[in-house]
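Below is one structure, written out as structure tokens, with a few remarks after it.
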Amino acid sequence: MTTTTTLHPSAPTRRMPAEWEPNGAVLIAWPHADTDWAYMLDDVTKCYIDIVHAIVDSGAIPVVVAPDIALPKKYLADIDGSRIIFCQVATNDTWARDFGPITVKDGDTTRLLDFCFNGWGLKFAACLDNLINSKLSRASLFTAPLENHLGFVLEGGSIESDGCGTILTTSECLLSPNRNGDLSREQVEEYLCKALGARRVLWVDHGYLAGDDTDSHIDTLARLAPGDTILYVKCDDPSDEHYEQLSLMEQDLMAMRTADGRPYNLVALPMPSAIYDEDGERLPATYANFLITDTSILLPVYNQPANDRLAEQIMQIVFPERRIIKVDCSALIRQHGSLHCVTMQLPRQILPI
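In numbering that gives the first Met the number 0, the protein residues as written are 0 to 352.
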């Protein structure tokens, strides 16, 4: 059963902005030969170049973090250098959404929250990634204070905020025993409300994507949008392995209510046709893993013209004021993630440019 709990945060002026609010910057971590991308570095590098160009064209400022500054500088040499900060920091991998800082507004003050990243429940090494935020802060990349929450495991891809006190998440991820296994659902809610300034938490108890290593991050399944809208992945094929769980997820979403008691406006996204790796493992392709910048929507696509086009049309209806920029993310899903997973929005004013 999907539950909603209303809590009273200790800091009532604090809130986690919605992604569609003004940001102006995007943090990415550049792929390199010491990551899992090594065997397909050329393919994923092209994808990253496309992402950066899409961000810059939409008016956002990419912030590139890489252990070797020379290569990304070479690949991005055609971009105005004043729009990019290169900061040399060692990384295990490149999933900036999950180790990057989470922004909150505390009255007139912007704070960056540094949570523990433990490789999605101890599945992968994260010792270097877990230090990135503190190193960037010490290097004066951030002018906003970095708030220590390293005693609590939380990835940016596991939560969605409407900017008005509602957090959307999945029980499969946040209640994982290898994250904060000593805490109950109520205790997790209480922590989120205090840290993020939330007033309530909406739990999705069903839904998954085959090949997903994150334990069902919400940003692969369902996304909050303006106008009390939730975009979600829908499976229409009863023979597909996802059909039952995604149908139950749809019921979860239908049962949810806004803060003033109204049903959400549910908008279904198509499910990409099945994509498999060279070992026959299904990959977690999803259109829900889009990035919202100040003027654009970066939409992951997978060389499926009909599905890609339908997803683009739906996104344009939901975000009529933003340009939809399609980015081929066929390379990203080979490592079981997509576009939103490799980006983290930041407020431009906390950067030294």
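Backbone N, C-alpha and C fix where the C-beta goes; we use that ideal spot for every residue, glycine too.
Since we're looking at a predicted model, the values are computed, not measured.
{"Check": "Boundaries (first-last residue) of the alpha helix (DSSP H) holding Q315", "Outcome": "P304 to V317"}
{"Check": "Nearest candidate by alpha-carbon position, reference H339, set T93, P271, N179 and S175", "Outcome": "T93"}
{"Check": "Simplified DSSP state of H52, which is helix, strand or coil", "Outcome": "helix"}
{"Check": "Backbone secondary structure at D204 - three-state DSSP", "Outcome": "coil"}
{"Check": "Neighbourhood of E18 by C-beta, 7 Å cutoff - its chain only, sequence neighbours within 5 removed", "Outcome": "I291 and Q344"}
{"Check": "Residues bridged to F85 (per DSSP)", "Outcome": "V63"}
{"Check": "Buried or exposed by the 16-neighbour rule on C-beta atoms within 10 Å, applied to I352", "Outcome": "exposed"}
{"Check": "Backbone CA spacing between G260 and A267 [nearest angstrom]", "Outcome": "21 Å"}
{"Check": "Span separating the alpha-carbon of K72 from that of H52", "Outcome": "13 Å"}
{"Check": "For P346: DSSP bridge partner residues", "Outcome": "G23"}
{"Check": "Residues that DSSP places opposite T165 in a beta bridge", "Outcome": "R199"}
{"Check": "Under the three-state DSSP convention, the category I217 falls into", "Outcome": "helix"}
{"Check": "Q334 classed as buried or exposed, judged by whether at least 16 other C-beta atoms fall within 10 angstroms", "Outcome": "buried"}
{"Check": "Bridge partner(s) assigned by DSSP for N147", "Outcome": "D113"}
{"Check": "Local conformation of E159 per DSSP, three classes", "Outcome": "strand"}
{"Check": "Beta-carbon proximity of I324 to E311, cut-off 7 Å", "Outcome": "no"}
{"Check": "Three-way DSSP call (helix, strand, coil) for S57 in this model", "Outcome": "coil"}
{"Check": "Rounded distance between the beta-carbons of L145 and D113, thought under 8 Å", "Outcome": "5 Å"}
{"Check": "Given 8 Å, three or more beta-carbon pairs between the segment 160 to 177 and the segment 204 to 219", "Outcome": "yes"}
{"Check": "Three or more C-beta pairs below 8 Å linking the segment 208 to 224 and the segment 276 to 289", "Outcome": "yes"}
{"Check": "R321 versus L298: straight-line alpha-carbon distance, rounded", "Outcome": "12 Å"}
{"Check": "Simplified DSSP assignment, three categories, for R178", "Outcome": "helix"}
{"Check": "Stretch-stretch touch, CB-based, cutoff 8 Å, three pairs: the segment 171 to 183 with the segment 84 to 91", "Outcome": "no"}
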